[in-house]
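Colleague: In our numbering, the protein residues as written are 136 to 304. C-beta atoms are modelled at their ideal positions from N, C-alpha and C, and glycine is treated no differently. Note that this is a predicted model, so its numbers are computed, not measured.
Written as structure tokens, this is what we have:
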């Protein structure tokens, strides 16, 4: 997860930080343009409330820009919110997918304690794991092998050993 965040942090920052700056600047312009028409906009706390509700795409409608300038810059806040939360949700989805795939393919680090490690796999793996479950149904089991392509059973951990047989000693 740390590696993924490091790799994508620059991309996230190049998108999210400018969006936040644009939306905050736009909110300032909206509040400045609207404070003469509506006294609610004169209070910086209310403008901050409007920014938060608008960028989060909730939009209660309790404060609405009425001037053309306010509506123009308000649209930047709305669009920034859609892109901001779309980016955050998609990045979280990708992160969850990568983590799930690593676990399924046996590439995720296992940090279990007090577990049973089975080295290699064979036709008796199923009966071996079921016998272990009969003795202790909560016992964590990890299979370490280079033969399997994916996790054989959902209730056990799996580590894929990658052998590089072409590499000289």
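With a threshold of 8 angstroms between beta-carbons, can residue 264 be considered close to chain D, or not?
Modeller: The question asks about chain D, but that chain is absent: this structure has only one protein chain.
Colleague: Give me the Cα-Cα distance between residue 236 and residue 227, rounded to the nearest whole angstrom.
Modeller: Along the chain shown, read from residue 1 onward, the residue named residue 236 stands at position 101. Along the chain shown, read from residue 1 onward, the residue named residue 227 stands at position 92. One C-alpha to the other measures close to 14 angstroms.
Colleague: If you count every other CB in all the chains shown that lies within 10 Å of the CB of residue 196, and 16 or more means buried, which is it?
Modeller: Looking up residue 196 in the chain shown gives position 61. Counting the other CB atoms within 10 Å of its CB gives residue 196 a total below 16, which places it among the exposed residues.
Colleague: If you draw a straight line from the alpha carbon of residue 156 to that of residue 215, how long is it in whole angstroms?
Modeller: In the chain shown, residue 156 corresponds to position 21, counting from 1. In the chain shown, residue 215 corresponds to position 80, counting from 1. Each residue's alpha carbon lies about 10 angstroms from the other.
Colleague: From residue 209 to residue 231, what distance separates their C-alpha atoms?
Modeller: Position 74 of the chain shown holds residue 209. Position 96 of the chain shown holds residue 231. Looking at the two C-alpha atoms, the distance is approximately 33 angstroms.
Colleague: Whose CA, out of 249, 254, 151, 170, lies closest to the CA of residue 271?
Modeller: Here residue 271 refers to the residue found at position 136 when the chain shown is read from its first residue. Closest by alpha carbon: 249.
Colleague: Are the stretch 250–260 and the stretch 219–226 touching, with three or more C-beta to C-beta distances below 8 angstroms?
Modeller: no
Colleague: Given this structure, state the Cα-to-Cα distance separating residue 163 from residue 144, to the nearest angstrom.
Modeller: Taking the first residue of the chain shown as position 1, residue 163 is located at position 28. Taking the first residue of the chain shown as position 1, residue 144 is located at position 9. Distance between the alpha carbons of residue 163 and residue 144 is about 28 angstroms.
Colleague: Quick one: grab the DSSP three-state call for residue 147.
Modeller: Here residue 147 corresponds to residue number 12 of the chain shown, with the count starting at 1. DSSP places residue 147 in helix when its eight states are reduced to three.
Colleague: Does DSSP put residue 295 in a helix, a strand or coil?
Modeller: Counting from 1 along the chain shown, the entry for residue 295 is found at position 160. Residue state, collapsed to three classes: strand.
Colleague: Which partner residues does residue 279 have in the DSSP bridge list?
Modeller: If you number the chain shown from 1, residue 279 lands on position 144. The partner list for residue 279 (beta bridge, DSSP) reads 254, 294.
Colleague: Suppose contacts are defined by Cβ-Cβ distances below 8 angstroms. Is residue 263 in contact with residue 287 by that definition?
Modeller: Position 128 of the chain shown, counting from 1, holds the residue named residue 263. Position 152 of the chain shown, counting from 1, holds the residue named residue 287. Their beta carbons are not under 8 angstroms apart, which means residue 263 does not touch residue 287 by this criterion.
Colleague: Kindly give me the distance between the Cβ atoms of residue 241 and residue 295, rounded to whole angstroms, as I take these residues to be in contact under 8 angstroms.
Modeller: By 1-based counting over the chain shown, the position of residue 241 is 106. By 1-based counting over the chain shown, the position of residue 295 is 160. Indeed, because the Cβ distance is near 3 angstroms, the residues count as touching under 8 angstroms.
Colleague: Report buried or exposed for residue 153, applying the criterion of at least 16 other Cβ atoms within 10 angstroms of its Cβ.
Modeller: Walking along the chain shown from the start, residue 153 turns up at place 18. Classification of residue 153: exposed, given that the 10 Å Cβ count is below 16.
Colleague: What three-state label does DSSP hand residue 268 in the structure shown?
Modeller: Residue 268 sits at position 133 when you count from the first residue of the chain shown. Helix, per DSSP.
Colleague: With C-beta atoms as the reference, is residue 190 less than 8 angstroms away from residue 167?
Modeller: On the chain shown, position 55 is the one that residue 190 refers to. On the chain shown, position 32 is the one that residue 167 refers to. For residue 190 and residue 167, no; Cβs fall outside 8 angstroms.
Colleague: Does DSSP put residue 263 in a helix, in a strand, or in coil?
Modeller: For the purposes of this step, residue 263 is taken as residue 128 along the chain shown, with counting starting at 1. Looking at residue 263 - three-state DSSP - the assignment turns out to be helix.
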